[in-house]
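Take the sequence shown: its letter number 231 is residue 223 in our numbering, and every next letter is one higher.
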Amino acid sequence: MLDKNTKVDEKLLLEVERRCNEAIMKGTPVTVKTVEFSEENRPESLPKDYVGGFIRNVIIDSIDDNPCCGTHVKSLSDLLCVKLGIHENVRGGNIKVPFYVGQRVIDAFHFSLGNEKKLSILLSDAPERHPDAVTRLNKQQREMNKTIRNILKDFAMSTAQGMIQKLTSGNSDNGDASTIISHHYENGNLDYVHVIASELDRYIKSNGDATQRPFCVVVSAGSTNDGGPVFIVGNQDSLVKKCADVAAEMVSGLKGGGRGCKWQGKSSSWKGLDKLHAALEKLD
């Protein structure tokens, strides 16, 4: 007998499924009994507003006896078979158990066989080794992602050093004109632009902005259609604000904010990127 404290697991569901199919194979009869309603024989499940008429009980021989007004088979053999699906916990401490009956069992099995065949082709492995093949692919994917992140970080560091070298050489030139550098990498991401921005920030702090000519660096990443992140870093807050205003004007869908000599944002696309770079060159 099951109660609210019974642990529902795969072992229990397999036993329930086995017993259900056993009753189906035996051709367990289903009968209907109708009695005149009275308060003495009122079932607990009967609605309280039901005050007269008849009580119709559906009886599954030696298994169940409950009131029901629905249509029922005359024998459990008409169900052919039952298959329980994968259970899941739902709100309120309840457990949801999907099930398939009759033709739906065959349809679900046919669908699973089709997926199994497709996976065997994609994974180049037998069905019984699919889990191992997927585990192996996931491990390889994680290793590749780690390698790509490291390469991207090294590339970002190299790019940042190139910018710093340009800024350092620019400081030795005569004149007080500002230097604006714009850089975009289509295959970059937030980590990529963040590494560059962090390196530039360290450069500013270590050199002191009072002795440098004004400069600003606009770094963005992402594809033209999908957009991506942008960092604007400089050593003069008014110049950073000016570059941020130009970026917001030239690139539709660019949103962000900042304070002082840093500005960070994200664009839904980079379709106005060429116009932005041209506008930034005019500010330089």
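Ideal placement from N, C-alpha and C gives every residue a C-beta, glycine not left out.
Proximal residues to residue i (C-beta, below 8 Å), its chain only, five neighbours per side dropped
i	result
residue 214	178, 180, 181, 220, 221, 259 and 262
residue 118	112
residue 46	26, 27, 28 and 29
residue 129	115
residue 33	27 and 47
residue 254	189, 193, 223, 224, 225 and 232
residue 122	108, 111, 112 and 115
residue 175	151, 155, 188, 209, 210, 211 and 212
residue 87	0, 79, 80 and 81
Sub-8 Å separation of residue i and residue j beta-carbons
i	j	result
residue 22	residue 54	no
residue 52	residue 20	yes
residue 257	residue 246	yes
residue 151	residue 196	no
residue 289	residue 218	No answer is possible for residue 289: the residues shown for the chain start at -7 and end at 276.
residue 79	residue 0	yes
residue 183	residue 141	yes
residue 16	residue 72	yes
residue 12	residue 74	yes
residue 192	residue 225	yes
residue 223	residue 159	no
Residue i: first and last residue of the uninterrupted beta strand (DSSP E) it sits in
i	result
residue 246	246 to 251
residue 7	No beta strand (DSSP E) contains residue 7, which is instead part of the alpha helix (DSSP H) from 2 to 17.
residue 194	Residue 194 -> not in any beta strand (DSSP E); alpha helix (DSSP H) instead, spanning 182 to 199.
residue -4	Element bounds for residue -4: n/a, residue is neither H nor E.
residue 257	254 to 259
residue 220	220 to 226
residue 25	22 to 28
residue 217	Neither: residue 217 is in no beta strand (DSSP E) and is coded neither H nor E.
residue 50	46 to 52
residue 177	171 to 177
Where the alpha helix (DSSP H) through residue i begins and ends
i	result
residue 234	229 to 242
residue 273	265 to 275
Rounded distance between the beta-carbons of residue j and residue i, thought under 8 Å
i	j	result
residue 235	residue 172	7 Å
residue 308	residue 211	Nothing about residue 308 can be read from this structure; the chain reaches only from -7 to 276.
residue 5	residue 76	5 Å
Spatial neighbours of residue i in its chain, beta-carbon cut-off 6 Å, leaving aside the 5 residues before and after
i	result
residue 50	24, 60 and 64
residue 92	75 and 100
residue 240	246
Chain-order list of residues whose beta-carbon lies under 7 Å from that of residue i (same chain, five-residue window excluded)
i	result
residue 271	238 and 242
residue 38	59
residue 70	none
Worksheet item: Can you list the beta strand (DSSP E) stretches of 3 or more residues lying completely in the stretch 56 to 141, in chain order?
Response: Whole beta strand (DSSP E) segments, 3+ residues: 56 to 59, 74 to 76 and 91 to 93.
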